[in-house]
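These notes concern the structure reproduced below.
Residue numbers (my numbering): 63 to 876.
Okay, here's the thing in C-alpha cells:
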C-alpha cells in the first residue's frame, strides 16, 4: 500500500504544502523529517508534516532522499511554525527554516555558466557578470551575490539567460554541517609483539635513509603501548612526531588500527564551573517561586511576569525554576536579549547544571551550533541558554521557558519571519503545558498592562538582594541626579560633562572605584535641538520631532518637510543644532580630563568577534579598567559590583526619535543603566544629563518610579490609539529607484484604503506612505505604511507582493 506524505517545501511558493509518496520498500517517516523532493525541474528540501490518506493530486512524485534518519523538528515545533506563519504573515518555509541550525536547511540555487564568451555587454552590471563568469564559471547564485553585494545583478542575469549569453540550471547544495569525526589510533599488536617491533625499528640494520621514519614509528608504538582504548591521532602526532603517512603504513603492516570516532564541538568545553552553593532565598523570592513551582508538576501552561528591580535576584528565581523543571523530568530554555549577557548567565547556570547546559548564539561556529542542536535533540541537555534563536532548540519535553529582560527590542526578529520571541514563547508554552516566565526591572508596557488586567500573574521583587551586607540589611537603589545641560551652557560650561558629573567622576576614581559612562546613541545627530530651551523642531501636523536629512527636516509620520531653522521656533535662540556624541569622543575627553585613567569601550563595534564580550567583561570585572564607556549593551543585566557611578552623558537623544515607543525605550534603558551602580556593599549614584529635565520619562526614571511612568504613558497611548490599545502592522517597501519606491508605495496605500472601505473596517486607520526614518539602506530607498486598529493584519492578502516586508506588531516604526 502506497504511503502518501504532506510535505512543506523549503522554498518560497504560493502554495507551501504539497503531497508526495514514499518509494516502495521505504520505511515510514515521522513528522519533522528533512527530505529531498522533486519540485518542478529542480530538487529542494522539505519537512514532512505527516501522512495523508488521499493526496490532493491524481499523480504524486516520490520522495528522493532522507537527509537525517531522525526528525529535525518536534511535532510541537511544526505546529508552532504553522502558528508563526499565520500570525506573522510569514511563509511557512521561512518559519520552519528558522528552527533549524545554520547550514542544515539549504535552498535550491541557480548555477550560472557563460555560454557565449564572445558577447560584449553594454551595461556595467552585465559587463561585470560576464567577466566574472569568464574567469570563474560555473558559479552558484550565492557566490555571485557575495561579489555583487546589494546590487541587483539577478535581473540582468535573467536578461542574459533569455538572450542565450549565459546558462542557468538549478542545483541543491548538500547540508554544510555534519557530525565531526576524528581519526583514532589503537594498538593492533600484543604488548610483547609491540615491544619486539620497537626493538626491530631501532636495530642497527635499519638503512640510514629510513632511520628517521623508523624512529617515529617506534615512538608511535611507545605512545600507545599500554593504552586500552583508541587515542586521538592528533595526540599521537604530538607525542611521537609521526605523520599520517606513518600511521597508514603501520596500519598496512597490521601494527595499528585506524578508526574514526564522532566528537562533539561544545562551546563550553574547557570552561570550569566551580560548584556553587545556592544562596538563601529572600522572603520575596520565596513568595515569587511558590506559584511557579506549583504549576510545574501539573504540566499546566502558565505565564508569569517576574517584575523585580535591578539586583533583586531574578536570576536566582530562574535557576530554582529550572531546577524544579529538571526534577520533574522536564527541561528548560532560558533566553537573554544579547550575546553580551551570556557569560555571566553561563557561569551561574553552568555551576548548577554541570555538563547539562547548552549554549546557542550567532557567534558560535556552524559546527558548534549543529552539535548543540543535536545534543538537545537527543535529550543530553537539561537547559539551553542563549538569545532569541535558542527558543527553537529541539529539547524533548520542555517544562520551562524564561525570557530575561523581556522588554528588550532584540527579542523581535529583524528579518523574515518577523516574529517576537515573547509572544512566540507563550504560544509554544501553551502547546507544551509549560511555565513561561517574563522577567524585567522595566517590563514592556504591553506585558505590564496584560498583568495588570489579570491576563497573567505578576510576581514582585521590590528589594535588592543583600549578598555581601550584614544580616538584615539590603543595598538601596542608586540616587539619581538630573542635570539641566541648558543651565550648564548658560553658566559657560560647554564640555560634554556637567560640573556634577565631573565632580562625581573625580571622587569615584579617587576612591579607586569604577564608573560607567552611558550613551543612548540610537538615532545620534538626527534630531535638531535648541541648547537654550531644550525643545526640538516638531511637525506642525503630528507633534513628532522632525528628522534631519542633510539640510531638510522631515516628519516620518506624515511626510511634512521644511528647512533647518536658523533660530529656535520656541525661544528664538540661535543655539540650535543636531544632537549627538560618540563613544570615542567621550573616551578622548575622559583621557584629557583624567590623565592616566584606564578606559574601556563596549559597543557593537567592540564585540564583533566571538568571545570578545567575555574578554571585555572579565577585563572590567577584574578592575583592569576604571571607566567603561558604552551604548545600550552595557545597560542590560550585567552585575559589576565595583561600579559605584553611572553617568548618562546625553539621556534625551532617544526621546527625539519619531516613534511612539521612544519615551518607553528611554525610560527602560535609563532605569536599567542606573541599576548598574551600587550593586554590592558600596552605595551607588547615577548622574543623568539632559536638555529636557522636565520630561516625564526622565523624572520617573530618576525616581525609579515604573508605575508612575506606566500610568502616564498608557494614558497617552490610549489617547493616541497605540499598543496595547490598538494593534499595528507595518509595511516597508524597498527599491533601488526612489521614484519607483514612492509610486509603488502610494499604489499599495490606495489598495489598502479601498480594502478598509470595502470591508467596513471603520476603526482601522492608515498612516503614510512616507519615507522610513532610515530612508536608504544598502542603496535601496525605503517607504512605509502603517495600519492601526483591531486586527489590521486581516487586511493584508497573502502572498505578500515582491519587494514588501510585513511586520505584525512592530517594536519600532523607524
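All residues carry an ideal CB built from backbone N, CA and C; glycine is no exception.
Bear in mind the structure is a predicted one, so any value in this text is a computation, not a measurement.
Burial state of residue i, where buried means 16 or more other Cβ atoms lie within 10 Å
i           : result
residue 286 : buried
residue 118 : exposed
residue 530 : Unreliable positioning characterises residue 530 in this predicted model, as indicated by a pLDDT of 44, which lies under 50. The coordinate reading is nonetheless provided below. Exposed.
residue 747 : buried
residue 376 : buried
residue 347 : buried
residue 246 : buried
residue 307 : exposed
residue 396 : buried
residue 726 : buried
residue 526 : buried
residue 322 : exposed
residue 826 : buried
residue 469 : buried
residue 737 : buried
Neighbourhood of residue i by C-beta distance below 7 Å, restricted to the same chain and skipping five residues each side
i           : result
residue 73  : 101, 106, 155, 169, 170
residue 520 : 367, 369, 513
residue 412 : 330, 333, 335, 419
residue 874 : 471, 721, 723
residue 533 : The predicted position of residue 533 is uncertain, since its pLDDT is 49 and thus under 50; a value taken from the coordinates is nonetheless stated next. Contacts found: none.
residue 804 : 845
residue 239 : 163, 165, 166, 428, 429, 432
residue 237 : 129, 165, 166, 168
CB contact check: residue i to chain C, cutoff 9 Å
i           : result
residue 155 : Considering every chain present, this structure includes no chain C. It has just one protein chain.
Cutoff 8 Å; reference residue i; Cβ partners in own chain excluding five residues on either side
i           : result
residue 277 : 263, 264
residue 876 : 585, 618, 719, 720, 721, 834, 835, 836
residue 71  : 78, 79, 80, 99, 101, 106, 107, 108, 155
residue 472 : 399, 400, 449, 450
residue 453 : 395, 397, 463, 483, 486, 487, 490
Proximal residues to residue i (C-beta, below 6 Å), its chain only, five neighbours per side dropped
i           : result
residue 388 : 444
residue 112 : 68, 93
residue 261 : none
residue 672 : For residue 672, the predicted structure reports a pLDDT of 48, less than 50, and the residue's modelled location is therefore unreliable. The matter cannot be settled from this model.
Contact check, residue i vs residue j, beta carbons under 9 Å
i           : j           : result
residue 426 : residue 446 : no
residue 172 : residue 103 : no
residue 581 : residue 691 : yes
residue 785 : residue 508 : yes
residue 491 : residue 497 : yes
residue 831 : residue 845 : yes
residue 365 : residue 500 : yes
residue 124 : residue 92  : no
residue 713 : residue 653 : no
residue 882 : residue 394 : The requested residue 882 does not occur in the structure, where the chain is confined to residues 63 to 876.
residue 484 : residue 465 : yes
residue 391 : residue 559 : no
residue 729 : residue 775 : yes
residue 235 : residue 202 : yes
residue 200 : residue 216 : no
residue 319 : residue 250 : yes
residue 259 : residue 275 : no
Host alpha helix (DSSP H) of residue i (start-end)
i           : result
residue 764 : 758-764
residue 570 : 561-572
residue 232 : That residue, residue 232, is in no alpha helix (DSSP H); its beta strand (DSSP E) goes 228-233.
Where the beta strand (DSSP E) containing residue i begins and where it ends
i           : result
residue 497 : 497-502
residue 706 : 705-712
residue 833 : 827-839
residue 846 : 842-851
residue 580 : 576-581
residue 611 : 609-611
residue 592 : 590-592
residue 101 : 96-101
residue 866 : 866-870
residue 325 : 318-325
Beta-bridge partners of residue i, as assigned by DSSP
i           : result
residue 546 : 752
residue 664 : 692
residue 789 : 851
residue 460 : 393
residue 124 : 83
residue 70  : 79, 109
The ligand COA heavy atom lying under 8 Å from the CB of residue i
i           : result
residue 248 : With respect to the ligand COA, the structure offers nothing, as it holds no ligand at all.
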